[in-house]
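Colleague:
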Amino acid sequence: MTDEKRQEYTLRITQANQSQLVVILYDLFFEYTGQAVEELSKGNRQAYSEQLDRAQDVLSELILSLNMDQDPAPAIYRVYLYVSARIGQARGSLKSEGLKDPLRMMHSLCDTYREDAKSDTSGPVMDNSQKVYAGLTYGRDSLNESMDEGSGSRGFFV
Numbered sequence: 135m136t137d138e139k140r141q142e143y144t145l146r147i148t149q150a151n152q153s154q155l156v157v158i159l160y161d162l163f164f165e166y167t168g169q170a171v172e173e174l175s176k177g178n179r180q181a182y183s184e185q186l187d188r189a190q191d192v193l194s195e196l197i198l199s200l201n202m203d204q205d206p207a208p209a210i211y212r213v214y215l216y217v218s219a220r221i222g223q224a225r226g227s228l229k230s231e232g233l234k235d236p237l238r239m240m241h242s243l244c245d246t247y248r249e250d251a252k253s254d255t256s257g258p259v260m261d262n263s264q265k266v267y268a269g270l271t272y273g274r275d276s277l278n279e280s281m282d283e284g285s286g287s288r289g290f291f292v
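Going by our numbering, the residue at position 94 of the sequence shown is 228; the numbering climbs one at a time, nothing skipped.
#1: Which residue spans inside the segment 135-219 form an unbroken alpha helix (DSSP H) run of at least 4?
#2: Assign residue 256 to one of three DSSP states: helix, strand, or coil.
#3: In three-state terms, what does DSSP make of residue 234?
#4: Would you call the segment 138-151 and the segment 182-200 touching, i.e. three or more CB-CB distances under 8 Å?
#5: How is residue 228 classed by DSSP in three states: helix, strand or coil?
#6: Report buried or exposed for residue 170, applying the criterion of at least 16 other Cβ atoms within 10 angstroms of its Cβ.
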């Protein structure tokens, strides 16, 4: 992942509420699986495996985010286990064709979470993060973003 993508995800995470964080995890999952397929097409098996490992890590976070006391969670958990098994098979066989069905399932779940996130009006999970203002100044080729350091403590005592 490029540094620019990392910064983009970091910004999204600091400003996200709980529903949006789940969508971000899905986006990271798709990012890593997409990079894995790309690396395999280049013949880079090591990078393919590394990207699938990262996708597995994100999938583990999605599993941990489930509230198993609520009704759809056990069904979603089974889907995640299936996807995890298929990723393992794709890594072992060094063939990306086995990722098509799991990716289709994950896209379907992501669309549902994305719709849910639109109606979630709760505030950001990270209360004491920096405020980001976009559009106050413009660069030559891009929109600049400014960070407000704020006057208060961000959890560190000096």
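Yeah, the Cβ is synthetic: ideal placement off N, Cα and C, and Gly gets one too.
Modeller: Here's the rundown:
#1: 137-149, 152-175, 179-198
#2: coil
#3: helix
#4: no
#5: coil
#6: buried
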